[in-house]
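Heads up, the thing below is written out as C-alpha cells.
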Amino acid sequence: MFHYCFRSNQPICRPMRLRPTDGGFLTYVARGLGTSLSLRNSDEGPPLLEMSERQPRNDVRFFHVCGSGAHPKGKFLTNSISTCKYNGFSFLPRFLYEQFRRYNNVFFLMIALLQQIPDVSPTGRYTTAVPFILILTVSAIKEIFEDIKRRRSDHQVNSFKILVLKNGNWEQEKWRDIKVGDIVRVDNDQLFPADLLLLSSSEPQSMCYIETSNLDGETNLKIKQALAVTSPLTNVNKIVEFEAEIECELPSRHVNEFSGNLVYQGDRIPFGIDQLLLRGARLKNTSWIFGAVIYTGHDAKLLMNSKTAPLKSSTVDTRTNSRIIFLFFVLLALALVSAAGAEFWRKANLPAMWYLSFLQHDARASFPWHVLTFFILYNNLIPISLQVTLEIVRFFQATYINNDLEMYDVNSDSCAVARTSNLNEELGLVKFVMSDKTGTLTRNVMKFKRASVAGQMYGDNETDEFADQDLVNQYRQAPSTPEGMAVRELLMMMAVCHTVVPEKKDGKILYQCSSPDEGALVRGAAKLGFEFHTRQPQKVTVSVLGVDEVLDILDVIDFTSDRKRMSVVIREPSGEIKLYTKGADTMILERLMPGSEDDINICHEHLEDFASYGYRTLCFAMRIVPEEEYKQWAKEYHAAGILIEGRQKALADVAEKLERNLDLIGATAIEDKLQEYVPETVQALMAADMRVWMLTGDKRETAINIAHSCALCNPSTELLTVDKYTFEETYSKLVQLAERSKQLVDEKKEFAMVIDGKSLVHALVGECREHFGELALRCRAVVCCRMSPMQKAEVVEMVRSIGNHVVMAVGDGANDVAMIQAANVGVGISGEEGLQAASASDYAIPRFHFLRRLLLVHGAWNHDRSVKVILYSFYKNICLYIIELWFAIFSAWSGQTIFERWTIGLFNVIFTAWPPVVLGLFDRPIAADQMMRYPSLYHSFQKRSFSIARFLLWIGMALVHSLSLFFLSYGFLETQVVWASGETGGWLMLGNSAYSFVVATVCLKALLECDSWTWPVVVASIGSIALWLFFLCIYAAIFPTISLRIGADMAGMAWIMMSSSLFWLALLFIPCATLIWDLVIKSFFTIAYPTPREKAVMQLKNTGSTSGFERLARFVSERSLAVHVNQLLVAHTYLHKFLVILLGKVVVICGIPVMGAITKGLIALLPNLHLTTAYN
C-alpha cells in the first residue's frame, strides 16, 4: 500500500506499510502520471479507495488520516508558531537593514566612516560614532525587549496541552508537536490547537458550538456540524478503525471560505466552512469533539490573517525627510563655501607667512581635503537624535490616547486603543472622513419596526418595536385567503430563512446570530407567534401559534456581499418543497416572475416610505419547486459543492438557476438608531473644515434620510444626485453637476453629492474620474450608497490620489477592512460586528462620537507638539553648529573647532535631549474643552503646520541666535581677561563659555515655545542647563586622569570658567539678550496679527490660568498697544545699556573694523528698531 501526501506546493508519494490484514493484490499507478488509482484487498470487500483519472494537481492539499496513528506524515509545516521578528542569527542584519532604510542613519554612518580617515576630522574619530552607536543601541534594546515578549508569548502558546490519538489511546501532547493528519480531542472551553475537520461530537447530530471572539471579536456562538459519515465515530474503538483521505484547498487567509472533500469508503464527500474548526476559536456548550488536523502552524487561517498591516507613513515624516534633504544640500554648500574661503585665505596670506610655507605643498591643505573637513565639521546640522526623540514622543502620545478616560465606554467596558504611534500627527491633518453607516454612525442594534405584505403596511414609527397585532390577526382570521397565506409565508420566512442558533437558558430562548438583522427578524416573528426554537442539522422546528411544525432544511444558499441575498430550500410536513429568498430589493425584484409589475410598484411605494425614516429594508420572495426540478438542481448543486477551486462561484451560478420566477411576499423595515452624539460629532467635524463622506450598502432613500438625521445634510442643502447606469450617461451627469457645483460655490449655497454603486463603477475610471474628483473636492458632504466593500476602498484611494489630503476611514465591520487599510488613517469601531475592523485599524474607539475628541484634541495636540519637536531639533543644532562657521572666519578657515570634541557629540544625546521630549509630551497648545467647544481651531492648527515658511522662520531665528551667541561671547572675552587676577582663559574658555550660553539659550527657547508651562517642562529646561554644568565639572576633573585621549584639553577647565564672576553674569544676560528677539517678534505678531488659536488662548488666559508665554498678550485686553510696547521698551533699554557696557570695545574685534562697525550699529539701533517694528 502507498501513502499519498501533497505539500502545499507539490505532490509527494511515499511508500506506506500495509496492515497485517491487508494481504492480497495491490494495484498502484502513480497519481503524478495522471492515471487511475486502486487500492483493493483481493480477498475481501470493495476497494479501500478508488479515484478516477485526473490531471496532476499542485493546487490542492492531499493527506491521509488514520485512527491508528501509525502512519508517516507529509512535509507540512509544524504546529509551532513564531511571531518573533528576529532570531539569534537574523537580529543584527535585519535590525541594521531596518535602521539604514532611513536616510539620516545612512548619513551619520557615512560621517562616522569619514571620521576614521587620519587627520581629516576636526572633531575626532569617534564623536559621531559613539552617539550614533548609543542611539542605535537604544533602538536595539527596544526591539529586543519587544521581541522577548513575543517569544515568551509564543512559548506559552506552543506549550499548551491537547489530547492526541496515539496507538489507540488519548495521550497529552504539546501544541507544537501536533501534525497534519493527527486526530485530536478538544474538551469544552478549550481552544482549538490547529484548523480541524470536525469528525464527531458529544452533541446529537454531531453538532458543536464555538466562540470566535479571538478571530473576529464576535461573542455570539456559531454552530458547526460534522459530516453524517463521521458522526458515529463517538468513542475510541470506533475512531481507531477510521481511515480516509482528505483533499482540500491550499492554506488561505479567507476565514469564511473553505472547500474540501473527504474520500471515505469509496465516496467523495464534500465539506466546507461548516465543518472547519479554526485555530484560536473556543469550544462552548459542548462536552468534547474529535477532529482531524488539516492546517498547522502558520498555515492555519488565524496565522495567515496575522499579517503585518500596510506600512503607512505620516505627512509630517514625509515633510521632515524633505527638510533633511534640504539641510543636506545646505551642509554641502557650506562645506564648499568654507573650503573656498580656505583656498582664498591661503593664496592671500600664505606667501607672506614664511613659517607656514609648508602648507602650500601639503595635500591635506587642498580644496577637496578642506571640503571633506568642513563637511564633517558641519555634519551635525542634521540632528542625530531626531528619530529617537520622535519615537519616544509618539510612544507616550499613544499612551495618552489609550488612557484617556473621556474616550472610555462604560457599556462595552472598552477604551480607545492606539494600535500604531507613527500616525499620531496625522490625526491633526485630516481633511476627509470616510465613514461607514451601519454600526459606525448607527448602533447596529436592530429592531423590527414595520412590514409590508399583500399590499398593506403594518406597524408604526412611534413604538420601540413592531407591535401591530393586525398582521398576525390577518392570518388567524382568514388563513386560507391569499392575504392570510401571504402573512403566514412572510412570518415563516422570518423564522426560518437565516443561520440563527437558538439557545435555551433559564427557560428562555436566546438567539445567537452573526447578523443583527437576522436576530431582529427572528425575534420579531417570535413575538408574533412564529417562534423558532430548535435547530437540528437538517431540520428546524417553529412553533406556529403554539403548534410545532418541523421543516426539513434541504439546502442553504448563503448570503454574500456579491449576491446580496440568502435562500433556503425547505420541505414542509406535507412534502411540498419551497424556496425562501430574502435580500436587497434590487436583487429580489428583478428575479420575480413576469406579470408582477403591480406588486413591484406597490412594494416600491412602501419601501420608499420605510426609507424616508431611515429604516433598513429587506424583500421576501418564494416559489414552490417541483420535485423533479429540485432533484436535477440538487445534483448540480452537489457537483459544484465538491469543487476545490472556484467552488463559491460555481455554487452562485447554480443558485441563479433556482432563484428565478419568484413570487413577491412582502418587505420588512428594521430600525437601526443613530449612536449618541452622532449629529453633534458630524457638525463638529464639518466645522473643523473636514469633508465628511458616508459610504453604505443601503439604498439611496435610506442613506439620504440617515444623512439628514446625522446632520450631514440639512433641509436647505441641494443634493447633486448621480444615478446613471452607463459610462456615457454618468460622464454627462458628472460634467453637468461639476458646472452646477461651481455656481453653488459662487452663490455660497450648501450642496452635497449622492452617488450609487452602479454609477461609481463608471465614475472611478477613465474621463469620469477627473470630473468625479473635481466634484467631490467641492462637496462638504458626499453620500455613496449601494456600495460593495471594494468600492469603498477604491473611493478612498481615488480621493487620496487627486490631492495632497489626509483621508481617514472609519468602519466597524469586516467589509470595512479594505477601506481602513487604504486610508491614510484607519479608525475601527469596536461594535456589534466584532473586532475585525478594529484589529485592522490604526486606532480603535468604542463609539463614533469619540472621534471628535480623538481628532480635535489628540490630533491637534499631537500634530502641534510633534512639529515643535522637529523644528526645535533643527533649531538647536543649527544654533550650535553654525557657530563653527562664524569661528572659521576668525581661524583662517582652518577647520579648527571652537568646542571640545566630546561636548559636540553629547550636545544632542544628553544636554539638550530632554527639552524636545517634554515639549512633545507636556505642551498643551490650548485647553481640551476649548478645542471641543470651538472645532474651527482644528483648521487653525493645520494652517500653522509644518509649512516651508514656518520652517524657514525657525532656521532664520537659529542663524540670528548663533550670530548673537558667537559675537556676544567673543565680545565677552575680547580682552581674554575676565578674572580679577588678570589671568587669561585661552581657546577653550571661549568654546566652553559659548557652549554654556548655547545650552542655556536653546533650553530657555523651549520654555518660550511652550504654550503651557508645567513642572516637567520647567524642570527639563532648567535641569538640562544644570546637567551641562555638572557634567563639565566631572569631565574636567576625572576624565583627563583616566586617559589623555579623552578630554586632555579639558583638564581644570570647569574651575577656570566657573571661577569667573563675569562668566556667571554673562550666563544670565547673553541668553536673555539673544532671546529678546523672539520675545519681541512673538509679542508683535500675537498682538497685531493673532491667529484664531491665539485669540482662544488669550480668552482662556483672561478667564483662567495664566501660565505660558502667551500670558504676555493678556495685556492687550487691558491696555492699549502703545502702553504695552513702551513697557517692553523700558525693559529692553536696561538690557541695551548692559550690552553696551559688556561689549565695550567690540568695535575693533580682532582688527576687523567692518564687523565691529556692524555690531556697534546693531547695538545702537536696538531701541529704535524695536520701536519701529512694534508700531508698524
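Number 5 in full-length UniProt numbering belongs to position 5 of the sequence shown; there are no gaps in the numbering.
Built from N, CA and C at the ideal position, the CB exists for glycine as well.
For clarity, every value in this text was computed on a predicted model and none was experimentally measured.
Range covered by the alpha helix (DSSP H) that runs through residue i
i, result
"N237", "236 to 240"
"T541", "First-last for T541: 539 to 544, but that is the beta strand (DSSP E), not the alpha helix (DSSP H)."
"W886", "883 to 890"
For residue j and residue i, the rounded distance between their alpha carbons
i, j, result
"F620", "K504", "28 Å"
"T318", "G803", "15 Å"
"F466", "I706", "20 Å"
"F890", "M353", "17 Å"
"W175", "F192", "10 Å"
"Y615", "Q675", "15 Å"
"F808", "L283", "This sequence places Met at residue 808; Phe is not what is there. Cα to Cα, the separation comes out at about 37 Å."
"T481", "V487", "10 Å"
"F1063", "G991", "12 Å"
"T83", "E146", "11 Å"
"L221", "T541", "19 Å"
"K527", "E462", "18 Å"
"K166", "V186", "15 Å"
"C603", "A451", "11 Å"
"L744", "V782", "15 Å"
"Y731", "C768", "5 Å"
"W1028", "F911", "6 Å"
"Y881", "T296", "58 Å"
Under 7 Å between C-beta atoms of residue i and residue j
i, j, result
"F290", "I239", "yes"
"H771", "V735", "yes"
"L720", "T668", "no"
"M790", "G757", "no"
"N908", "S385", "yes"
"E659", "S515", "no"
"H961", "T1074", "yes"
"L664", "R623", "no"
"A334", "Y400", "Note on residue identity: the sequence assigns Leu, not Ala, to residue 334. Result no, Cβ atoms of L334 and Y400 do not sit closer than 7 Å."
"V754", "C710", "no"
"F951", "R323", "yes"
"R924", "S1012", "yes"
Rounded distance between the beta-carbons of residue j and residue i, thought under 8 Å
i, j, result
"F941", "R1093", "6 Å"
"T389", "S873", "6 Å"
"G168", "V236", "7 Å"
"M493", "Y580", "5 Å"
"S612", "E671", "With 8 Å as the limit, S612 and E671 do not qualify as a contact, their Cβ atoms being about 13 Å apart."
"A776", "E797", "Incorrect: roughly 13 Å between the Cβ atoms, too far for contact."
"K224", "D274", "6 Å"
"A1066", "L1032", "Actually they are not in contact, since the Cβ atoms of A1066 and L1032 sit about 16 Å apart, beyond 8 Å."
"N79", "I183", "So it is not a contact: roughly 14 Å between Cβ atoms."
"L250", "V445", "Actually they do not touch by this definition, with Cβ atoms about 39 Å apart."
"V806", "A840", "That pair is no contact at about 19 Å."
Beta strand (DSSP E) segment containing residue i, residue limits
i, result
"R282", "282 to 284"
"P270", "267 to 272"
"E531", "530 to 536"
"S385", "Segment: none, S385 is in no beta strand (DSSP E) and carries neither H nor E."
"Q172", "169 to 174"
Counted within 10 angstroms of its Cβ, other Cβ atoms place residue i as buried (16 or more) or exposed
i, result
"A639", "exposed"
"E1006", "A quick correction: the sequence has Ala, not Glu, at residue 1006. Result: buried."
"I1149", "Confidence at I1149 is low in this model, with a pLDDT of 34, below 50, so its placement is unreliable and the value that follows should be read with caution. I1149 should be labelled buried."
"residue 1183", "With the chain running from 1 to 1176 in the structure shown, residue 1183 is simply not present."
"K649", "exposed"
"residue 1182", "Residue 1182 is absent from the model: the chain starts at 1 and stops at 1176."
"M1098", "buried"
"Q477", "exposed"
"P893", "For the sequence presented, residue 893 should be read as Trp rather than Pro. Result: buried."
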